[in-house]
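Colleague: In this note's numbering, the protein residues as written are 10 to 262. Using N, Cα and C, we set each Cβ at its ideal position, and we do this for glycine too.
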Ligand SMILES: C[S@@+](CC[C@H](N)C(=O)[O-])C[C@H]1O[C@@H](n2cnc3c(N)ncnc32)[C@H](O)[C@@H]1O
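Here is the structure:
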């Protein structure tokens with residue numbers, strides 16, 4: 010199921026510039042396996058793709074043949090308010106080509122702050138909703154809330170939303186944005202785990218089963234990975250500390 014992903018992680022991943030800790034797949038793999046087991050998984054999307062390091066990995070994880078969706082300001086860098094990496098469309102396209110997923114990817118050059126309800130409805134109609142959505146654009150609290158709210162409109166019911174840099178002291182706006190979101194009312198998507206610099210959210214209906222799925226996977230394949238089981242914003246949430254220097258990434262392919 011994950012041979013294409015394994016090939017990417019062992020080969021091109023090193024050469025694609027960007028920010029992504031591969032041991033995150035210790036947690037992604039069991040979630041993707043659960044989503045793909047009924048044969049009805051959707052494509053993936055990311056706000057803030059830069060050169061595609063994480064995006065390409067996610068697309069290969071879910072194996073969708075069409076409509077993986079990359080959203081970035083690319084040439085409109087005046088809307089990249091914190092300048093944390095400047096997306097480059099030519100480099101991104103070249104990396105998609107090298108990794109064999111250009112045909113399976115749609116590009117949207119946009120300021121995420123300009124994405125509308127109509128954009129979300131059009132994406133849902135075209136894709137049926139995304140199985141995985143990564144929020145990794147501008148890191149202000151306002152962008153974080155805005156981008157998460159957009160993700161919530163287009164994510165599938167069993168999908169996962171990734172919030173990058175949740176604990177990165179360089180970007181306190183991310184944590185502030187997430188706090189605003191959760192202190193603002195009860196939510197359909199709730200924290201499920203934190204690992205490798207990303208907070209993962211899932212639908213409350215899938216929350217317990219996803220936690221048990223990840224715990225069982227770690228216990229069987231990565232027994233040395235340390236894991237704390239506690240609560241965030243009132244919801245049970247794992248903190249997973251993989252060995253990011255030497256730790257294995259996938260269990261098997
Ligand atoms: C930290 S980089 C993303 C890293 C990438 N996810 C990876 O895997 O390496 C941030 C990206 O967000 C884009 N970006 C910044 N502000 C944005 C905005 N307002 N709307 C959409 N994309 C934005 C930047 O152009 C840049 O490519």
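Just to confirm my understanding: we take residue 91, look at its own chain, exclude 5 residues before and 5 after, and list those with CB closer than 7 Å. What are they?
Modeller: By 1-based counting over the chain shown, the position of residue 91 is 82. Excluding residues within five positions, the ones whose Cβ falls inside 7 Å are 147, 148 and 149.
Colleague: I want to check one thing, is the minimum distance from the CB of residue 176 to the heavy atoms of ligand 1 below 6 Å?
Modeller: Residue numbering aside, residue 176 sits at position 167 when the chain shown is read from its first letter. Answer for residue 176: no, Cβ out of range of ligand 1.
Colleague: When the Cα of residue 144 is compared with those of 18, 223, 251 and 164, which residue comes out closest?
Modeller: What you label residue 144 is simply residue 135 of the chain shown in a count that begins at 1. Selected option, being the one with the closest Cα: 164.
Colleague: What are the boundary residues of the beta strand (DSSP E) that residue 114 is part of?
Modeller: Counting from one through the chain shown, the residue named residue 114 turns up at place 105. First-last of the beta strand (DSSP E) with residue 114: 114 to 118.
Colleague: Report whether the distance from the Cβ of residue 94 to the nearest heavy atom of ligand 1 is below 6 Å.
Modeller: In the chain shown, residue 94 corresponds to position 85, counting from 1. Yes, since a heavy atom of ligand 1 falls inside the 6 Å radius drawn around the Cβ of residue 94.
Colleague: When you compare only the Cα positions, how much space is there between residue 54 and residue 122?
Modeller: On the chain shown, position 45 is the one that residue 54 refers to. On the chain shown, position 113 is the one that residue 122 refers to. So the alpha carbons of these two residues sit roughly 16 Å apart.
Colleague: What separation, rounded to the nearest whole angstrom, lies between the Cα atoms of residue 184 and residue 260?
Modeller: In the chain shown, counting from the first residue as 1, residue 184 sits at position 175. In the chain shown, counting from the first residue as 1, residue 260 sits at position 251. Cα to Cα, residue 184 sits roughly 31 Å from residue 260.
Colleague: Residue 254 to residue 219, Cα distance in whole Å?
Modeller: Position 245 of the chain shown, counting from 1, holds the residue named residue 254. Position 210 of the chain shown, counting from 1, holds the residue named residue 219. Distance between the alpha carbons of residue 254 and residue 219: 26 Å.
Colleague: Are the beta-carbon atoms belonging to residue 160 and residue 169 less than 7 Å from one another?
Modeller: Numbered from its first residue, the chain shown carries residue 160 at position 151. Numbered from its first residue, the chain shown carries residue 169 at position 160. No; because the gap between Cβ atoms is not below 7 Å, this pair is not in contact.
Colleague: Might you give, ordered along the chain, the residues of its own chain that have their beta carbon closer than 7 Å to the beta carbon of residue 33, omitting 5 neighbours on each side?
Modeller: Here the question's residue 33 lines up with position 24 in the chain shown. Closer than 7 Å at Cβ, skipping near neighbours: 204, 205 and 207.
Colleague: Report, in whole angstroms, the separation of the C-beta atoms of residue 51 and residue 138, which I expect to be a contact under 8 Å.
Modeller: Position 42 of the chain shown holds residue 51. Position 129 of the chain shown holds residue 138. Confirmed, about 5 Å.
Colleague: Could you tell me the distance, in whole angstroms, from the CA atom of residue 42 to the CA atom of residue 250?
Modeller: Position 33 of the chain shown, counting from 1, holds the residue named residue 42. Position 241 of the chain shown, counting from 1, holds the residue named residue 250. In a straight line, the C-alpha of residue 42 is about 21 Å away from that of residue 250.
Colleague: Name the DSSP bridge partner or partners of residue 143?
Modeller: Your numbering for residue 143 matches position 134 in the chain shown. For residue 143, which the question treats as bridged, DSSP gives the partners 55 and 171.
Colleague: Looking at residue 59 and ligand 1, is the gap between the Cβ and the nearest heavy atom below 6 Å?
Modeller: Counting from 1 along the chain shown, the entry for residue 59 is found at position 50. Indeed, a heavy atom of ligand 1 lies less than 6 Å from the Cβ.
Colleague: When you compare only the Cα positions, how much space is there between residue 176 and residue 12?
Modeller: In the chain shown, counting from the first residue as 1, residue 176 sits at position 167. In the chain shown, counting from the first residue as 1, residue 12 sits at position 3. Their Cα atoms are separated by approximately 31 Å.
Colleague: Confirm the yes/no value for this check: CB of residue 201, any heavy atom of ligand 1, distance under 6 Å.
Modeller: Translated into positions along the chain shown, residue 201 becomes position 192. For ligand 1, not one heavy atom lies less than 6 Å from the Cβ of residue 201.
Colleague: Measure the beta-carbon distance from residue 200 to residue 237 and round it to whole angstroms, keeping in mind my assumption that it falls under 8 Å.
Modeller: Within the chain shown, residue 200 is the residue found at index 191, counting from 1. Within the chain shown, residue 237 is the residue found at index 228, counting from 1. Not confirmed; about 13 Å, so no contact.
Colleague: In the DSSP output, which residue or residues are listed as bridge partners for residue 207?
Modeller: Mapped onto the chain shown, residue 207 falls at position 198. Residue 207 pairs with 173 and 204.
Colleague: If you draw a straight line from the alpha carbon of residue 166 to that of residue 44, how long is it in whole angstroms?
Modeller: Here residue 166 refers to the residue found at position 157 when the chain shown is read from its first residue. Here residue 44 refers to the residue found at position 35 when the chain shown is read from its first residue. The alpha-carbon atoms of residue 166 and residue 44 are separated by roughly 10 Å.
Colleague: Is the closest heavy atom of ligand 1 to the C-beta of residue 27 under 6 Å?
Modeller: Translated into positions along the chain shown, residue 27 becomes position 18. Under cutoff, so the answer is yes.
Colleague: Below 8 Å on the Cβ atoms is my contact criterion, and I expect residue 194 with residue 153 to pass it. Report the Cβ-Cβ distance as a whole number of Å.
Modeller: The sequence position of residue 194 within the chain shown is 185, counting from 1. The sequence position of residue 153 within the chain shown is 144, counting from 1. That pair is no contact at about 16 Å.
Colleague: How about residue 156 and residue 65: do their beta carbons lie closer than 7 Å?
Modeller: The count along the chain shown starts at 1 and reaches residue 156 at position 147. The count along the chain shown starts at 1 and reaches residue 65 at position 56. Going by C-beta atoms, residue 156 is not nearer than 7 Å to residue 65.
Colleague: Out of 226, 103 and 79, state which residue places its alpha-carbon closest to the alpha-carbon of residue 114.
Modeller: Against the chain shown, residue 114 aligns to sequence position 105. Looking at the Cα atoms, 79 is the closest of the given residues.
Colleague: Taking Cβ positions, are residue 141 and residue 224 nearer each other than 7 Å?
Modeller: Within the chain shown, residue 141 is the residue found at index 132, counting from 1. Within the chain shown, residue 224 is the residue found at index 215, counting from 1. Contact flag unset, no.
Colleague: Is the CB-CB distance between residue 25 and residue 77 below 7 Å?
Modeller: Here residue 25 refers to the residue found at position 16 of the chain shown. Here residue 77 refers to the residue found at position 68 of the chain shown. For residue 25 and residue 77, no; Cβs fall outside 7 Å.
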